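Participant: Once you've had a glance at the structure underneath, I'll fire off some questions.
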Amino acid sequence: MEKKLVSYETMFIVESTGTEEATAAVVNKFKALIEENGTIETFNEWGKRKLAYPINDMTEGYYVLVNYTADPSFVAELERIFNITEGVMRSMTTKA
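As numbered in our numbering, residues 1 to 96 make up the sequence shown, in order.
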């Protein structure tokens with residue numbers, strides 16, 4: 001049976017309170033995870049930006065936007081990993 005690939009857009013925000021190396025490590029972890037399970041079309045690091053509202057008493061975060069195609073079952077696993085990874089403040093995935 002052939003897997004059906006769907007286009008997705010995911011934005012996630014990483015805590016920017018640590019070192020640049022720590023932030024880059026979290027970003028690279030998710031980039032590698034998406035590359036292993038799908039095909040990245042665009043990967044945009046927006047950098048450190050002010051949040052619309054404080055999250056856990058933080059007012060800034062490191063924004064990343066990724067457009068990719070993947071199997072729908074991978075998206076559920078990706079969201080689960082976002083939720084259990086320390087340093088990820090928020091994430092949101094939508095069909096593109």
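We put the beta carbon where it would ideally sit given N, CA and C, even for glycine.
No experiment lies behind these values; they were computed from the predicted model shown.
1) Cα separation between residue 72 and residue 15?
2) My output table needs one value for residue 5: the three-state DSSP class, helix, strand or coil.
3) Return the CA-CA distance between residue 11 and residue 29, expressed in angstroms with no decimal places.
4) Based on DSSP bridge pairs, tell me the residues matched to residue 40.
5) Taking DSSP as the reference, what is the three-state secondary structure of residue 52?
Facilitator: Reading off the structure:
1) Residue mapping note: residue 72 aligns to position 72 of the sequence shown, counting from 1. Residue mapping note: residue 15 aligns to position 15 of the sequence shown, counting from 1. Using only the alpha carbons, I get a separation of about 27 Å.
2) Start at 1 with the first residue of the sequence shown, and residue 5 comes out as number 5. Per DSSP, reduced to three states, the secondary structure at residue 5 is coil, with no helix or strand assignment.
3) Counting from 1 along the sequence shown, the entry for residue 11 is found at position 11. Counting from 1 along the sequence shown, the entry for residue 29 is found at position 29. Pairing residue 11 with residue 29, the inter-Cα distance amounts to about 14 Å.
4) For the purposes of this step, residue 40 is identified with residue 40 of the sequence shown, where counting begins at 1. In DSSP, residue 40 forms a bridge with 68.
5) In the sequence shown, residue 52 corresponds to position 52, counting from 1. DSSP, read as helix, strand or coil, puts residue 52 in strand.
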